[in-house]
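Student: Would you mind keeping the following structure in view while I ask a few things?
Number of protein chains: 2
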Amino acid sequence: MIVFSKDKCAVGYALNTIGGKWKLPVLWILSQNGTLRYNELKKSVTGITNMMLTSSLKELEESGLVNRVQYNEIPPRVEYSLTEIGEKFLPVLDEVAKWGEQLMNLNRKA
Amino acid sequence: MIVFSKDKCAVGYALNTIGGKWKLPVLWILSQNGTLRYNELKKSVTGITNMMLTSSLKELEESGLVNRVQYNEIPPRVEYSLTEIGEKFLPVLDEVAKWGEQLMNLNRKA
DNA sequence: TTACTTAATCACAAAAAACTGCATACTTGT
DNA sequence: ACAAGTATGCAGTTTTTTGTGATTAAGTAA
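Line by line, the protein sequences give chains A and B.
Just so we're aligned, residue 1 is where the first sequence starts under the numbering used here, counting upward by one.
Just so we're aligned, residue 111 is where the second sequence starts under the numbering used here, counting upward by one.
Given below as structure tokens:
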């Protein structure tokens, strides 16, 4: 019988990276809008708090999905955008979406 | 500026369906082994507790990813397997895995 | 001088998810 | 009579994740 080992699982790694309540919304907004400042993100991701936005962005940056560019101006300006590997994730999301739709349709009927 | 709406998002729906700590492991084990009894699943998904296995299976069944067949024998016998839409998810997972590997490689270097 | 703006950050509170360990029902083997 | 095996269920607790609301620093416009 085949046993599950979490360690080397790329799927687990991927899903951890985008896991949590807000990372996917943030990624999606960035994919639709290109480069955005912190405040613009805050407005676009409806309902997100400062804390969650900050920590989501931080984790996304650490895992290499998001670029963060800080301009030393006053008032502060920081711009976020998707990295190359972040962009590469979009077609994958698309596949997930297609499957998700099929599932939604199935469950609507039932 | 484009705003995120959670409701109609197929990606969100999909990721909720397979979200949580154990659903993915359970799905993967089923995909590798075909039909399994409760106890066999328990042994294969290392570290899972009865409670989490039961609730994961229940949710997966409710969302249509897993079949549950109960034989009225003593001692009880219940067999689990992937449904059609459950099987259809595997190639999607494969795409996720490919991207996940790229990401892992990037982050190993950095 | 005072208020305003921006991108965070922190201590604390609340809510959600997961874990522990025991309980059950019924029948077969000892 | 008694233990063993099977697929769950549940109360109570811990752990993890999110949310709240206030706070900072430094310049610019009023």
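All C-beta atoms in this analysis are idealised placements derived from N, C-alpha and C, irrespective of residue type, glycine included.
#1: Using a beta-carbon distance cut-off of less than 7 Å, what residues from the region 171-187 of chain B approach chain A?
#2: In whole angstroms, what is the alpha-carbon distance linking D117/B and E79/A?
#3: Exposed or buried, A220/B, counting other C-beta atoms within 10 Å across all chains shown (16 or more means buried)?
#4: Around the Cβ of V179/B, are there at least 16 other Cβ atoms within 10 angstroms (buried) or fewer (exposed)?
#5: Which word fits K23/A, buried or exposed, when buried means at least 16 other C-beta atoms lie within 10 angstroms of its C-beta?
#6: Taking Cβ positions only, does L213/B come closer than 8 Å to chain A?
#7: Looking at chain B, is there any beta carbon in it that lies within less than 8 Å of the beta carbon of K88/A?
#8: Could you tell me which chain A residues have their CB closer than 7 Å to the CB of E205/B, listed as they occur along the chain?
#9: Looking at the structure shown, is E101/A part of a helix, part of a strand, or coil, going by DSSP?
#10: Have a look at E95/A and N126/B and give me their C-alpha separation to the nearest angstrom.
Tutor: In this structure, then:
#1: S173, G174
#2: Confidence at D117/B is low in this model, with a pLDDT of 49, below 50, so the placement of that residue is unreliable and no value is reported for it.
#3: exposed
#4: exposed
#5: buried
#6: yes
#7: yes
#8: V92, E95
#9: helix
#10: 15 Å
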